[in-house]
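Participant:
There are 2 protein chains.
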Amino acid sequence: MSKYWSPLTASLVPYVPGEQPKDKTYIKLNTNENPYPPSPKVIEAIKAAAGDDLRLYPDPTCESLIQAAADYYKLPASRVFAGNGSDEILAFAFAAFFDPAKTILYPDITYSFYKVYAKLYGLQSELIPLDESFTIHPADYARENGGVILPNPNAPTAKLMSLDAIRIVLDANPNQAVIIDEAYIDFGGESAVSLIAEYPNLLVVQTLSKSRSLAGLRVGFAFGSEELIEGLNRIKNSFNSYTIDRLALAGAVAAFEDDAYFRETTEKVIRTRDRVAGELTALGFTVTDSKTNFVFASYPDKPASSIFQQLRDKGVLVRYFAQPRIEEYLRISIGTDEEMDAFLQAVKEIVGK
Amino acid sequence: MSKYWSPLTASLVPYVPGEQPKDKTYIKLNTNENPYPPSPKVIEAIKAAAGDDLRLYPDPTCESLIQAAADYYKLPASRVFAGNGSDEILAFAFAAFFDPAKTILYPDITYSFYKVYAKLYGLQSELIPLDESFTIHPADYARENGGVILPNPNAPTAKLMSLDAIRIVLDANPNQAVIIDEAYIDFGGESAVSLIAEYPNLLVVQTLSKSRSLAGLRVGFAFGSEELIEGLNRIKNSFNSYTIDRLALAGAVAAFEDDAYFRETTEKVIRTRDRVAGELTALGFTVTDSKTNFVFASYPDKPASSIFQQLRDKGVLVRYFAQPRIEEYLRISIGTDEEMDAFLQAVKEIVGK
Numbered sequence: 001m002s003k004y005w006s007p008l009t010a011s012l013v014p015y016v017p018g019e020q021p022k023d024k025t026y027i028k029l030n031t032n033e034n035p036y037p038p039s040p041k042v043i044e045a046i047k048a049a050a051g052d053d054l055r056l057y058p059d060p061t062c063e064s065l066i067q068a069a070a071d072y073y074k075l076p077a078s079r080v081f082a083g084n085g086s087d088e089i090l091a092f093a094f095a096a097f098f099d100p101a102k103t104i105l106y107p108d109i110t111y112s113f114y115k116v117y118a119k120l121y122g123l124q125s126e127l128i129p130l131d132e133s134f135t136i137h138p139a140d141y142a143r144e145n146g147g148v149i150l151p152n153p154n155a156p157t158a159k160l161m162s163l164d165a166i167r168i169v170l171d172a173n174p175n176q177a178v179i180i181d182e183a184y185i186d187f188g189g190e191s192a193v194s195l196i197a198e199y200p201n202l203l204v205v206q207t208l209s210k211s212r213s214l215a216g217l218r219v220g221f222a223f224g225s226e227e228l229i230e231g232l233n234r235i236k237n238s239f240n241s242y243t244i245d246r247l248a249l250a251g252a253v254a255a256f257e258d259d260a261y262f263r264e265t266t267e268k269v270i271r272t273r274d275r276v277a278g279e280l281t282a283l284g285f286t287v288t289d290s291k292t293n294f295v296f297a298s299y300p301d302k303p304a305s306s307i308f309q310q311l312r313d314k315g316v317l318v319r320y321f322a323q324p325r326i327e328e329y330l331r332i333s334i335g336t337d338e339e340m341d342a343f344l345q346a347v348k349e350i351v352g353k
Numbered sequence: 001m002s003k004y005w006s007p008l009t010a011s012l013v014p015y016v017p018g019e020q021p022k023d024k025t026y027i028k029l030n031t032n033e034n035p036y037p038p039s040p041k042v043i044e045a046i047k048a049a050a051g052d053d054l055r056l057y058p059d060p061t062c063e064s065l066i067q068a069a070a071d072y073y074k075l076p077a078s079r080v081f082a083g084n085g086s087d088e089i090l091a092f093a094f095a096a097f098f099d100p101a102k103t104i105l106y107p108d109i110t111y112s113f114y115k116v117y118a119k120l121y122g123l124q125s126e127l128i129p130l131d132e133s134f135t136i137h138p139a140d141y142a143r144e145n146g147g148v149i150l151p152n153p154n155a156p157t158a159k160l161m162s163l164d165a166i167r168i169v170l171d172a173n174p175n176q177a178v179i180i181d182e183a184y185i186d187f188g189g190e191s192a193v194s195l196i197a198e199y200p201n202l203l204v205v206q207t208l209s210k211s212r213s214l215a216g217l218r219v220g221f222a223f224g225s226e227e228l229i230e231g232l233n234r235i236k237n238s239f240n241s242y243t244i245d246r247l248a249l250a251g252a253v254a255a256f257e258d259d260a261y262f263r264e265t266t267e268k269v270i271r272t273r274d275r276v277a278g279e280l281t282a283l284g285f286t287v288t289d290s291k292t293n294f295v296f297a298s299y300p301d302k303p304a305s306s307i308f309q310q311l312r313d314k315g316v317l318v319r320y321f322a323q324p325r326i327e328e329y330l331r332i333s334i335g336t337d338e339e340m341d342a343f344l345q346a347v348k349e350i351v352g353k
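Protein chains in written order, with the UniProt record's numbering: chain X, 1 to 353; chain G, 1 to 353.
1) Cβ atoms of X/A49 and X/A250: under 8 Å apart, would you say?
2) In the DSSP output, which residue or residues are listed as bridge partners for X/P37?
3) Pull up the distance between the alpha-carbon of G/K115 and that of G/S125, whole angstroms please.
4) Pull up the CB-CB distance for X/G220 and X/G85, whole angstroms please, since I reckon it's below 8 Å.
5) Can you tell me the Cα-Cα spacing of G/V178 and X/P40, whole angstroms?
6) Let me see if you follow: with CB-CB separation under 8 Å, is G/E328 close to chain X or not?
7) Cβ of X/N175 less than 8 Å from any chain G Cβ?
8) Just the C-alpha distance for G/A82 and G/N30, rounded to the nearest angstrom, thanks.
9) Per the DSSP calculation, X/A222 is bridged to which residue(s)?
10) Give the residues of chain X in contact with G/G51, contact being defined as C-beta atoms less than 7 Å apart.
11) Please report how far the alpha carbon of G/N55 lies from the alpha carbon of G/T286, in whole angstroms.
12) Using a Cβ cut-off of 8 Å (strictly closer), state whether X/G216 contacts chain G.
13) Would you say X/D245 lies against chain G (beta-carbon separation less than 8 Å)?
14) Please tell me whether X/L208 and X/L195 are closer than 8 Å, where the distance is taken between their beta carbons.
15) Would you list, in chain order, the members of the region 184–207 of chain X that have their beta-carbon closer than 7 Å to a beta-carbon of chain G?
16) Whose CA, out of G/I89, G/W5 and G/D23, lies closest to the CA of X/T243?
17) By the three-class DSSP mapping on this structure, what secondary structure does X/T272 have?
18) Can you find the residues in the same chain that come closer than 7 Å, C-beta to C-beta, to X/S213, ignoring five residues on each side of it along the sequence?
19) How should X/P107 be labelled, buried or exposed, when 16 other C-beta atoms within 10 angstroms of its C-beta is the threshold for buried?
20) Output, in chain order, the set of chain G residues within a Cβ distance shorter than 7 Å of X/T336.
21) Decide if X/D186 is buried, meaning its Cβ has at least 16 other Cβ atoms within 10 Å, or exposed.
22) Going by DSSP, what residue range makes up the alpha helix (DSSP H) through X/E328?
23) Is G/I128 near G/D140, with beta carbons less than 8 Å apart?
24) Going straight from the alpha carbon of G/T135 to that of G/D171, what length do you get?
25) Counting only beta-carbon separations shorter than 8 Å, does X/E267 have a partner in chain G?
26) X/P138: which of X/R167, X/K159 and X/P153 sits nearest, CA to CA?
27) From which residue to which residue does the alpha helix (DSSP H) around X/Y106 run?
28) Do you know offhand how far X/P200's Cα is from X/N237's?
29) Does DSSP classify G/E132 as helix, strand or coil?
30) Is there a C-beta anywhere in chain X that falls below 8 Å from the one on G/T9?
31) Is any beta-carbon of chain X found at less than 8 Å from that of G/Q323?
32) For chain G, find out if any of its Cβ atoms is closer than 8 Å to the Cβ of X/Y242; answer yes or no.
33) Using a Cβ-Cβ cut-off of 8 Å, state whether X/R55 counts as contacting chain A.
34) When the Cα atoms are used, what is the spatial distance from G/E226 to G/F321?
35) According to DSSP, is G/D53 helix, strand or coil?
36) Under DSSP, the alpha helix (DSSP H) around X/S305 begins and ends at which residues?
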């Protein structure tokens, strides 16, 4: 505590990202990074942008990037927003659409940054329990509220909601913003972007960090009605005119241009994920039906915390959440086939098979 | 207005950055960019970082960059914070240190983003008038308040405060954070970073956008006591874990390594500025004593708005503020000698000399 801190600062409980240890080289399956590099066209575009023009401010409206994302989804540019990673956009969206006088809704087991944003903006939250199989029931979100945020697929459970289920949430909340956080949508889900024309209350948030292999570039998007996009722009332009630098703008535009590469690497991750899920199941693990680039798995005969620690000792980092209801699960990012073979070998040694 | 907007969103009056017109090529003297390119070592470092590792998240602690800035100022790393441009850091600082229950102080003529941040965080502001010569009087800041922010040099007036004057403000406010915004300090001022060890209430904010020719990279710094740096980190880690991408981190580290280039280009800007100020004075302009990379000038016989428009018609963009007390002034960024010769020629034609 410091006497210079505002009451807000004193009250915060900041988010803690997955560890990035420097003590030795690990097989890093703990932060859901893509094991494949970004498209060579992205690298090329960044190198071309790394020149004298860096002395100039970037385009504050991100016009070329917004157009690229709009073209990809066949939307007008007025329905697209770009930001410094989807985390920044989620923070803007909490400020833009959620009212401190009301209570917002999100699942009890979900991306743990949501409760941090709620605290940052002084919002009341009601956590809606997932059922025993970690399923989100859309009817649970048909109650008095000041806004809803749902990740789809959910993290860390990896489970996907159907667009029909999302429609139920949207229909039940015509006067509140409903944010669908689609960080992992490209690994087997169907995007709710297709619903934007029908639902002015729908904001879909995406990122280049996962399926486009660009976690290091910090670019995310939001798609929604013009009034929602304008709301995000009002917050952004009260905070920082230039959130995306010239290099990230150039690289991100190129990422949308190389669709073939995107499809190929995404397919590889999906194939590896399905194989790993199958092998873990064969070893006796309970594995949720993943539509993401990670699997969420529990072993009946050994505490997850102990498997986590033993994997770490063997040089494999996964994510463990010491949190009620999921303290017997591990979240394992999908790496290359070679990395996952090493992981599976380590698991077999740990569970004695 | 939209029913989906929070009361905050509805209340905002966002900042408007200097125009970036696309209708033709201008001599761009309106956004205080550096006319010289960044150091070749910066470009090299960025190209080296543009590779497969972009699939991985950046270091959320910005350790290497913070160490580079700390080494430059011979400070411990615990007294340094890095962010996505100094605008982002200023926004974090308003949230971190200023209390909505109290009133913050800043000059009536200053960086116009301050009042936007105040609105974003629900802060009361008292605007302290500069005197007739646009001078800040430190004794004016010795009154009940919830925090002080002063740019030094001030913008758009270009005038510098001495460290002795800053000490008076710091001594008068032992229980409040005092933020000194040093975006332009390298063009002839003495940084208040030297006072940090003495004043736990002092936060100094700097940027690579101006003197390091990296407006397009979006990197800024704050220097202060450990408790102030921790306050900034609490806000940042409740907002976005990864605000600076891998390319910007690499380029920014290199910017600190090439001190010779930095000194050379900064000296060139200072020499050109002093020449332009002299020539404008000789033409009959009133010019403030600039310690920045722009000059602030007024002509007695012709409205500034008209000179602004005529310059624009001649292909020279400068900044005009339709704002009481400074509506007869123009802010003119310092370009290359050739650009400034073209500007001076256009001015001579407009004022008929």
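C-beta: ideal position from N, C-alpha, C; glycine also. Remember, predicted model here, so these are calculated numbers, not experimental data.
Facilitator: This is what the structure holds:
1) For X/A250 and X/A49, yes; Cβs fall inside 8 Å.
2) None; X/P37 has no bridge partner.
3) Taking the straight line joining both Cα atoms gives about 8 Å.
4) About 5 Å separates the Cβ atoms of X/G220 and X/G85, confirming a contact at the 8 Å cut-off.
5) Taking the straight line joining both Cα atoms gives about 47 Å.
6) False, the Cβ-Cβ gap to chain X never drops below 8 Å.
7) Yes - at least one Cβ of chain G is within 8 Å of the one on X/N175.
8) Near 26 Å, if we compare the C-alpha coordinates of G/N30 and G/A82.
9) In the DSSP output, where bridge partners are listed per residue, X/A222 has X/F81 and X/V205.
10) Around G/G51, the beta-carbon contacts reaching into chain X at under 7 Å are I43.
11) Before going on, a small fix: residue 55 of chain G reads as Arg here, not Asn. Linking G/R55 to G/T286 through their CA atoms gives a straight-line distance of about 54 Å.
12) Yes - at least one Cβ of chain G is within 8 Å of the one on X/G216.
13) So yes, X/D245 belongs to the interface.
14) No, these two residues do not count as a Cβ contact at 8 Å.
15) So the list reads N201, given in the order they occur along the chain.
16) X/T243 has its Cα closest to that of G/I89, out of G/I89, G/W5 and G/D23.
17) When secondary structure is reduced to three states using DSSP, X/T272 falls in the helix class.
18) Correct list, in chain order: N34, Y36, P37, P38 and T265.
19) With 16 or more other Cβ atoms within 10 Å, it is buried.
20) Those within 7 Å of X/T336 in chain G number zero; the least Cβ separation is about 11 Å.
21) Buried, by the Cβ-count rule.
22) Counted as a single uninterrupted DSSP element, the stretch harbouring X/E328 is not any alpha helix (DSSP H), since DSSP gives it neither H nor E.
23) Result yes, Cβ atoms of G/I128 and G/D140 sit closer than 8 Å.
24) G/T135 and G/D171: Cα-Cα distance of roughly 19 Å.
25) No, no contact with chain G.
26) Put simply, of X/R167, X/K159 and X/P153 the residue whose alpha carbon is nearest the alpha carbon of X/P138 is X/R167.
27) For X/Y106, there is no enclosing alpha helix (DSSP H); the enclosing beta strand (DSSP E) has its first and last residue at T103 to P107.
28) Spanning the two alpha carbons is a distance of roughly 22 Å.
29) If DSSP states are grouped into helix, strand and coil, G/E132 belongs with coil.
30) It does: the Cβ of G/T9 has a partner Cβ on chain X nearer than 8 Å.
31) It does not; no Cβ of chain X falls within 8 Å.
32) Yes, X/Y242 counts as interfacial toward chain G.
33) Absent here is chain A; the protein component of the structure consists of chains X and G.
34) When only Cα atoms are considered, G/E226 and G/F321 end up about 38 Å apart.
35) For G/D53, the three-state secondary structure derived from DSSP is helix.
36) Run containing X/S305: A304 to D313, per the alpha helix (DSSP H) assignment.
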